[in-house]
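Quick notes on the structure that follows.
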Amino acid sequence: MDFFATTAKGVEDLLAAELQSLGIAAAVVETGGVRFMGDLSVCYRANLWLRTASRVLMPLAGFSCETPQHLYDGVRTIPWHDFITPEMTLAVDCNLRDSTLTHSGFVALKTKDAIVDEIRERCGSRPNVDTRDPDLRVNVHLVKNRCTVSLDTSGTPLDRRGYRLERNEAPLRETLAAALVMLTGWDGTVPLADPMCGSGTIPIEAALIGLRIAPGRARRFAAEDWPTIPRALWEEARQETADLVDPGQILNIRGSDLDPEVLSLAGYHARQAGVNREVVFENLPLADLTLSEPAGCLIGNPPYGERIGDRPAVEEICRQLGRIHRSSPGWSCHILSAHPPFERLFGRRADRRRKLYNGRLECQYYQYFGGVSRSKATK
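For the sequence shown, the residue numbers in my numbering are 3 to 381.
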């Protein structure tokens, strides 16, 4: 079967490496995701283990589509009774580009009509639409008059791990936080520090990586409720996640922040994720941070200074980070920033830069290597 794991721009190669680590070698990198093949067990493992993927889609059909009738007829060819019953609910998502059909809402509505007509003709009644929490989510991708219809096997996006039940003003998505950690090459053998940890996402994702805890172990996925998929296969995949946890790994991870309220939220998130013993949070200004160990990995996502009034404070943070790095030469330093003069303020050019997106905001990931060797960092 074919699958397509979606991800943020700039992270596709990292996602492909994750798939390969799961034993899925036939991974093809495309813009916005990675295409791969396998049986249903591969789909389950991808949902449970991928740290940088947003969704795992299962393409059902692809066809030329220049008119509404082409769309309707193409969707009707799919055996929808294998995936949905009249008692279930559905929703249709659509993204399109450079096609004769230009209204995504119309394409989604036409797709829905074809699905419910097929089920009604076969079963005598039709499923209802639920855009918020459907039993089956259908994805339509229409580009240059080529339509691909897929099922979303994940349901709720994979960045919703289940531990972050509350969200502060500007949260970093769990998938991006995991990518920031993985790009450093950190393997748990040296300390890791996030001096502006906010609600704790980077330290928590680091702990999940260090302990080999599957990020999806505590949540459900849409495909678990599909009528044609044996539940026993899901149970086997979940048992694998429990067997591979490494509770004996001793980690030194700490997060600090100036805001005591947000640190309280970070502690709550760590408890929900089951890593509160591995992560220590402290109320500490950046200027008071000391890195006493000879080597380690510092990861930060400081404010970007998008509002003019915030820029002086943001630029001082960049200077402080540079001073911390110079005073701790054994530590590597990895900073995600959308502030263009970051390197000048930090005090030196980065050893490596990578374009990443925090939501829709284009950022640079500035990497300065120290105690964590260049060879360990993901290329």
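From the three backbone atoms N, C-alpha and C, an ideal C-beta is built for every residue, glycine too.
Inter-residue Cα distance where the pair is residue i and residue j
i	j	result
Ser375	Leu174	Reliability of the predicted coordinates at Ser375 is poor, the pLDDT of 45 falling under 50, and no value is obtained from them.
Ser127	Arg355	55 Å
Glu318	Leu286	16 Å
Ser329	Tyr306	24 Å
Ile206	Gly361	20 Å
Pro81	Thr230	12 Å
Val316	Leu300	18 Å
Pro61	Thr8	12 Å
Leu178	Ala275	17 Å
His336	Ser43	35 Å
Glu120	Leu323	60 Å
Asp196	Arg78	51 Å
Leu59	Leu293	43 Å
Residue i classed as buried or exposed, judged by whether at least 16 other C-beta atoms fall within 10 angstroms
i	result
Ile252	exposed
Gln241	exposed
Asn130	exposed
Lys112	buried
Asn97	exposed
Met184	buried
Gln369	buried
Gly302	buried
Leu50	buried
Thr380	Reliability fails at Thr380, whose pLDDT of 47 lies under 50, so the model's placement of it is uncertain and no value is given.
Thr203	buried
Pro136	buried
Rounded Cβ spacing between residue i and residue j (contact assumed at less than 8 Å)
i	j	result
Arg47	Leu73	So it is not a contact: roughly 33 Å between Cβ atoms.
Ala209	Val277	4 Å
Gly157	Ala224	3 Å
Ile211	Ala180	7 Å
Leu260	Leu160	Actually they are not in contact, since the Cβ atoms of Leu260 and Leu160 sit about 31 Å apart, beyond 8 Å.
Limits of the beta strand (DSSP E) - the one that residue i falls within
i	result
Glu238	Run containing Glu238: none in the beta strand (DSSP E); it sits in the alpha helix (DSSP H), Arg233 to Asp245.
Phe371	Neither: Phe371 is in no beta strand (DSSP E) and is coded neither H nor E.
Ala216	First-last for Ala216: undefined, no H or E at that position.
N- and C-terminal bounds of the alpha helix (DSSP H) containing residue i
i	result
Tyr270	Pro262 to Ala275
Ala18	Glu14 to Ser23
Ile206	Thr203 to Gly212
Thr186	Note, Thr186: premise wrong, no alpha helix (DSSP H); not H, not E.
Q) Taking the runs of the alpha helix (DSSP H) that are 4 residues or longer, which of them lie wholly in the region 40-69? A) 42-51
Q) Quick one: complete alpha helix (DSSP H) runs, 4+ long, within the region 111-155? A) none
Q) What are the start and end residues of each continuous alpha helix (DSSP H) run of 4 or more residues lying completely inside the region 88-113, in chain order? A) none
Q | Continuous beta strand (DSSP E) assignments of at least 3 residues falling wholly in the region 282-324 | A | 298-302
Q: Scan the region 323-351 and note each continuous alpha helix (DSSP H) run of 4 residues or more that stays entirely inside, going in chain order.
A: 344-348
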